[in-house]
């Protein structure tokens, strides 16, 4: 995945959160567009922030972002983030068990929701073995009794692994 792109009205507040709370570094600017990096940087560690002071309040809907997720190593690191984000008095969810992963949600400003999520335990379990993973809708145990109803609400699309080979096309 590439960098996250965010358009924000209150740039100074957002910059302070990125640098002070989340550990990002400001590495470049061009006009009202700013590049921040965290960790080793690169596509997975970059955020592009566009300052747009005239922007109105964001509204959740088609084409908008619900939240940004940050990867944490394990439950221990997640607990550290829970304590860290709580120390800044942001509204936080506390520990959330999502069965496939564990997470914390922090609302750093109206319309800006962050998630800190572990890799594990993962999507492979007794019902979703590796060999068929991704071929049908993965549901955590608490929803599996309602599989038929849930699948009836979801638009179907082909998830079977392709055995086709495609020639690479080159434009002249």
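Residue numbers (the working numbering): 10 to 181. Ideal Cβ placement from N, Cα and C applies to all residues, glycine included.
Three-state secondary structure (DSSP) of residue i
| i | result |
| --- | --- |
| residue 150 | helix |
| residue 34 | strand |
| residue 133 | coil |
| residue 22 | helix |
| residue 57 | strand |
| residue 41 | coil |
| residue 140 | helix |
Residue i - containing beta strand (DSSP E), residue span
| i | result |
| --- | --- |
| residue 114 | 110 to 118 |
| residue 129 | 121 to 130 |
| residue 29 | Run containing residue 29: none; DSSP gives neither H nor E here. |
| residue 166 | Run containing residue 166: none; DSSP gives neither H nor E here. |
| residue 81 | 77 to 81 |
For residue i: DSSP bridge partner residues
| i | result |
| --- | --- |
| residue 64 | The partner list for residue 64 (beta bridge, DSSP) is empty, contrary to what the question assumes. |
| residue 15 | 58 |
| residue 101 | 115 |
Whether residue i touches residue j by CB criterion (8 Å)
| i | j | result |
| --- | --- | --- |
| residue 47 | residue 32 | yes |
| residue 101 | residue 113 | yes |
| residue 79 | residue 124 | yes |
| residue 28 | residue 42 | no |
| residue 160 | residue 142 | no |
| residue 103 | residue 52 | no |
Segment limits, alpha helix (DSSP H) that includes residue i
| i | result |
| --- | --- |
| residue 93 | 84 to 96 |
| residue 144 | No alpha helix (DSSP H) contains residue 144, which DSSP labels as neither H nor E. |
| residue 157 | 156 to 162 |
Segment contact flag, the segment 123 to 130 with the segment 78 to 97, C-beta cutoff 8 Å, min 3 pairs:
With a cut-off of 8 Å, the segment 78 to 97 and the segment 123 to 130 count as touching, because enough Cβ pairs lie within range.
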